[in-house]
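In mature numbering (1 follows the signal peptide of the UniProt record, and there is no 0), the protein residues as written are -20 to -1, 1 to 324.
Below is one structure, written out as structure tokens, with a few remarks after it.
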């Protein structure tokens, strides 16, 4: 893609997200979401492959439907209350707006577009779609969290955790696995949204860090299938080791970063006296744990970790300071979690 066009698209993404973040007005927030949607479509189709065109079309239709529902609900709410303010919603439109924002995020049962779209686009665009594109809808959802229906959030949160785990088990494509991982993590965030919005924000920030670290690692070794990462040890032993640890962090195993939000969410659910919900959530998360462990097994344990005696000029020589920083954060934040929570 032309560097000037790429810069314009990335700038539009930044402007769209910023507009949605700073607005107190539903119409401005809607315009920000629309700019976001339109700016990423050229990035999806920068390799003119039928799969990329199909992914961009699915993404556009889904996001356009969600945006239409947001605009309709906001307009009807303004007609009823006389206010366009984001935090002032009347009862029936809170549910429709929540559903539209969850559709934009890709929460179950409105998730069907996400794995197909991520599978059809390059890893770099998949990174943007899994991290940056979630910021604006998640922020709007956080702003209306005190008005949302608790039963709706719990139902969609549990469904997303189950779908995220169940859908990823049978996959061989890494991009689809990351898509189902995203659905599962968003389920954890929505589950706790009504009880503790600050905890949702904390979980969201760590999710972005861990997902970005994983995508950057996959981009460095140019792998999109499980069969490709199974033979990636000789290319870069250190990178593959850190990738394995990032996967375990995404799975939520201690003492890595990913354990922190899961522990705090379970503690919050127990504090709210929802023991059954906490138990079901932990059991559902075992599905996701299985496919993360399967990936680590394929990466590290199927081939002996050896360094070939031949010349190593073909080895990976690309370096990425950003990937190194994100990977460090994705592994070592757990001891700092109480500090972050105090700040928040």
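For glycine and all other residues, C-beta sits at the position ideal for the given N, C-alpha and C.
Kindly indicate which residue of the options has the alpha-carbon position closest to the one of residue i.
i, options, result
"residue 265", "162, 113 and 17", "162"
"residue 253", "56, 175, 232 and 186", "175"
"residue 21", "-6, 97 and 74", "97"
"residue 128", "148, 73 and 106", "73"
"residue 90", "124, 170 and 140", "140"
"residue -1", "309, 103, 123 and 99", "123"
"residue 269", "245, 108, 255 and 234", "234"
"residue 170", "255, 205, 250 and 81", "81"
"residue 138", "307, 260 and -4", "260"
"residue 52", "37, 29, 78 and 35", "78"
"residue 38", "83, 49 and -6", "83"
"residue 113", "232, 314, -3 and 222", "-3"
"residue 56", "29, 71, 281 and 272", "71"
"residue 257", "160, 136, 36 and 2", "136"
"residue 10", "305, 160, 121 and 126", "121"
"residue 314", "151, 14, 255 and 236", "236"
"residue 159", "317, 5, 125 and 194", "194"
"residue 29", "108, 306, 102 and 316", "102"
"residue 156", "241, 54 and 92", "92"
"residue -10", "312, 43 and 108", "108"
"residue 130", "224, 177, 115 and -18", "177"
"residue 229", "2, -7, 104 and 312", "312"
"residue 168", "134, 307 and 267", "134"
"residue 54", "66, 44 and 15", "66"
"residue 6", "62, 240 and 209", "62"
"residue 242", "224, 164, 211 and 213", "164"
"residue 126", "217, 211 and 68", "68"
"residue -7", "115, 239, 255 and 64", "115"
Within 10 angstroms of the Cβ of residue i, are there 16 or more other Cβ atoms? Answer buried if so, exposed if not.
i, result
"residue 27", "exposed"
"residue 31", "exposed"
"residue -20", "exposed"
"residue 173", "buried"
"residue 263", "exposed"
"residue 59", "exposed"
"residue 277", "exposed"
"residue -14", "exposed"
"residue 95", "buried"
"residue 293", "Unreliable placement is indicated for residue 293, whose pLDDT of 48 sits below 50; the coordinate value is still reported in the next sentence. Classification of residue 293: exposed, given that the 10 Å Cβ count is below 16."
"residue 143", "buried"
"residue 35", "buried"
"residue 117", "buried"
"residue 318", "exposed"
"residue 46", "buried"
"residue 316", "exposed"
"residue 251", "exposed"
"residue 207", "exposed"
"residue 119", "buried"
"residue 19", "buried"
"residue 275", "buried"
"residue -18", "exposed"
"residue 279", "buried"
"residue 3", "buried"
"residue 48", "exposed"
Based on the DSSP output, what are the partners of residue i in its beta bridges?
i, result
"residue 344", "Within the shown structure, residues of the chain are numbered from -20 to 324, placing residue 344 beyond reach of any answer."
"residue 5", "65"
According to the Cβ coordinates, are residue i and residue j closer than 8 Å?
i, j, result
"residue 226", "residue 202", "no"
"residue 17", "residue 40", "yes"
"residue 106", "residue 166", "no"
"residue 302", "residue 189", "no"
"residue 248", "residue 186", "no"
"residue 205", "residue 152", "yes"
"residue -5", "residue 23", "no"
"residue 345", "residue 75", "The structure shown does not extend to residue 345, since the chain spans only -20 to 324, so no value can be given for it."
"residue 100", "residue 271", "no"
"residue 183", "residue 245", "yes"
"residue 200", "residue 181", "no"
"residue 273", "residue 304", "no"
"residue 146", "residue 267", "yes"
"residue 44", "residue 111", "no"
"residue 307", "residue 221", "no"
Regarding residue i and the ligand PLP, is the C-beta to nearest heavy atom distance less than 7 Å?
i, result
"residue 50", "Looking at this structure, you won't find the ligand PLP or any other ligand, since it has none at all."
* Identify every run of the alpha helix (DSSP H) within the segment 163 to 223, keeping only runs that are complete inside it and at least 4 residues long; order them along the chain. => As far as the segment 163 to 223 is concerned, its whole alpha helix (DSSP H) runs of at least 4 residues are 177 to 201 and 206 to 209.
* To do: Enumerate, from N- to C-terminal direction, the unbroken alpha helix (DSSP H) stretches of 4 or more residues contained entirely within the segment 72 to 147.
  => Look at the segment 72 to 147 and you find these whole runs of alpha helix (DSSP H), each 4 residues long or longer: 93 to 99, 103 to 110 and 112 to 123.
* Asked: Taking the runs of the beta strand (DSSP E) that are 3 residues or longer, which of them lie wholly in the segment 250 to 282?
  -> With a minimum length of 3 residues, no continuous beta strand (DSSP E) run stays inside the segment 250 to 282.
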